[in-house]
Amino acid sequence: MKTMSLIVPCYNEEPTIEIFYNTVEKVFSDHPDEFKDIHHEYMFINDGSSDGTLAEFRKLNAAHPDIVHYVSFSRNFGKESGLAAGLQHAKGDYIAVMDVDLQDPPELLPKMLTTLESGDYDCVGTMREDRKGEPVIRSFFSRSFYSVINHISKVQIIPNARDYRLMTRQMVDAILAMPEYNRFSKGIFNWVGFRTTYLKFENAPRSAGETHWSFWQLFNYSIEGIVDFSDVPLKIATFIGGLFAFLAVVGIIIVIIRKLMFGNSVGGWASMVTLMMFIGGIQLFCLGIIGNYIGKIYLETKHRPLYIVQEEK
Ligand code: UDP
Ligand code: MG
1 MKTMSLIVPC
11 YNEEPTIEIF
21 YNTVEKVFSD
31 HPDEFKDIHH
41 EYMFINDGSS
51 DGTLAEFRKL
61 NAAHPDIVHY
71 VSFSRNFGKE
81 SGLAAGLQHA
91 KGDYIAVMDV
101 DLQDPPELLP
111 KMLTTLESGD
121 YDCVGTMRED
131 RKGEPVIRSF
141 FSRSFYSVIN
151 HISKVQIIPN
161 ARDYRLMTRQ
171 MVDAILAMPE
181 YNRFSKGIFN
191 WVGFRTTYLK
201 FENAPRSAGE
211 THWSFWQLFN
221 YSIEGIVDFS
231 DVPLKIATFI
241 GGLFAFLAVV
251 GIIIVIIRKL
261 MFGNSVGGWA
271 SMVTLMMFIG
281 GIQLFCLGII
291 GNYIGKIYLE
301 TKHRPLYIVQ
311 EEK
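Following the UniProt record's numbering, the numbering of the sequence shown begins with 1 at its first residue and continues without gaps.
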């Protein structure tokens with residue numbers, strides 16, 4: 001008998017948890033063949049919710065103590081910490097990561113399991129066929145993000161791939177061996193390697209509740225992904241610096257030659273000032289890039305825990 005753990009991070013998800021549990025249970029009971037040798041368990045994470053999420057967990061755990069487990073954080077630590085806690089606490093031979101809002105269709109689980117059990121793959125990921133129902137501007141920015149990060153990072157991140165995936169214990173152990181504080185899961189899942197295949201599905205709206213991601217948070221998340229998995233921005237900063245130094249040398253030579261040939265000429269103050277502002281701007285931009293990396297080093301060296309558990313069952 002093998003165990004399959006479902007890791008489900010939840011932040012203020014009171015209205016969705018029961019729907020989620022019932023839907024997933026139905027998938028298990030509707031596919032007795034695929035799951036006949038599988039015992040399944042839930043590993044819910046309460047990411048510092050301020051609503052009745054924890055009460056929902058307690059209720060489910062009281063009703064099904066051997067299959068429903070949960071970890072509850074002392075405050076909101078973010079989805080990445082939730083995933084890390086789930087991976088650390090799940091005991092399964094197969095481990096799935098999924099959202100609670102049913103945007104990750106549980107109907108795919110039987111297919112994911114049979115694909116993994118065939119032995120050809122260590123991980124079955126999922127990707128959305130399209131981004132229907134999403135604001136145009138959001139899908140434009142997310143396309144740009146994937147194109148940028150895949151150009152400047154050695155780790156390839158599959159566009160439209162969800163975090164929703166089923167992995168073997170071996171792959172999860174590899175992920176757990178990565179001790180970094182700044183965790184960008186989409187990158188980490190690919191960085192560890194292993195044979196991965198992707199199933200496609202159609203985008204579904206949330207079952208209930210609201211998304212927790214504002215545009216600004218997604219923007220920050222993208223910057224994080226780039227800084228965590230690429231040092232190309234630092235090289236770009238170096239390149240821009242070098243280019244401007246070179247242009248300055250050329251400028252000096254031109255000024256000297258002009259002085260020798262035509263004498264002194266005062267003029268062009270306006271263009272001079274714009275140029276200085278431009279160069280000042282580039283310098284601040286490059287400092288900002290460097291600052292981003294230093295900020296990451298700062299957080300990394302503090303060795304703070306990724307999350308603090310207040311209650312677990
Ligand atoms: N989530 C979390 N901590 C957070 C924000 C979100 O654990 O700080 C969980 C949330 O409960 C959900 C999943 O992460 O299960 C995805 O969140 P959401 O559906 O809001 O994101 P979207 O699908 O809109 O990208
Ligand atoms: Mg969602």
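A virtual CB, placed ideally from N, CA and C, is assigned to each residue, including glycine.
Just so we're clear, the structure is a prediction, and the values are computed from it rather than from any experiment.
At a Cβ-Cβ threshold of 8 Å, phenylalanine 219 and cysteine 123 do not count as neighbours.
Distances taken from the Cβ of arginine 131 to the heavy atoms of ligand 1 include none shorter than 7 Å. Within the region 220 to 256, no complete alpha helix (DSSP H) segment of 4 residues or longer occurs.
Of the residues assessed, arginine 162 falls on the buried side of the cut-off, its CB having 16 or more other CB atoms within 10 angstroms. Assignment of arginine 75 by DSSP, reduced to helix, strand and coil, places it in the coil class. Distance from the CA atom of asparagine 46 to the CA atom of threonine 211, rounded to whole angstroms, is 16 Å. Judged by their CB atoms, aspartate 228 and glycine 187 are nearer to each other than the 8 Å cut-off. Classified as exposed, glutamate 311 has fewer than 16 neighbouring CB atoms from the shown chains inside 10 Å of its CB. Proline 9: member of the beta strand (DSSP E) spanning 2 to 10, first to last residue. Per DSSP, reduced to three states, the secondary structure at isoleucine 282 is helical.
Judged by DSSP secondary structure, glutamate 312 falls outside any alpha helix (DSSP H) and instead within the beta strand (DSSP E) spanning 309 to 312. If you check the C-beta of proline 105 against ligand 1, you find no heavy atom less than 7 Å away. Between the region 108 to 117 and the region 166 to 180, the count of Cβ pairs shorter than 8 Å is three or higher; the stretches touch. For phenylalanine 184, there is no enclosing beta strand (DSSP E), since its DSSP letter is neither H nor E. In the DSSP annotation of this structure, leucine 108 is not part of any beta strand (DSSP E), being labelled neither H nor E.
Our two residues, tryptophan 269 and valine 255, have alpha carbons roughly 14 Å apart in a direct line. At a cut-off of 7 Å, the beta-carbon of tyrosine 11 counts as near ligand 1: some heavy atom of the ligand is closer than that. Looking at the DSSP output, glutamate 117 bridges to nothing. Take leucine 176, set aside five residues on each side of it, and the residues of its chain with a beta-carbon closer than 8 Å to its own are Leu87 and Gln88, in chain order. Isoleucine 157 has its alpha-carbon roughly 31 Å from the corresponding atom of isoleucine 38.
Scanning its chain for C-beta atoms nearer than 7 Å, with the 5 sequence neighbours on each side dropped, one finds around isoleucine 17 the residues Cys10, Thr53, Glu56 and Val100, in chain order.
About 6 Å separates the CB atoms of phenylalanine 20 and leucine 102; that is less than 8 Å, so the two are in contact. The Cβ atoms of tyrosine 42 and valine 8 lie closer than 8 Å to each other. Relative to ligand 1, the nearest heavy atom lies less than 7 Å away from the CB of glycine 82. At least 8 Å separates the beta-carbon of threonine 114 from that of tyrosine 198. The C-beta of asparagine 22 has fewer than 16 other C-beta atoms within 10 Å across all chains shown, which makes the residue exposed.
Under DSSP, alanine 63 takes part in no beta bridge, so it has no partner. For leucine 260, the number of other beta carbons within 10 angstroms of its own is below 16, and it is reported as exposed. Distance from the CA of lysine 200 to the CA of asparagine 160, rounded to the nearest whole angstrom, comes to 10 Å.
Secondary structure of lysine 200 (DSSP, three-state): strand. In this structure, the C-beta of aspartate 47 stays at least 7 Å away from each heavy atom of ligand 2.
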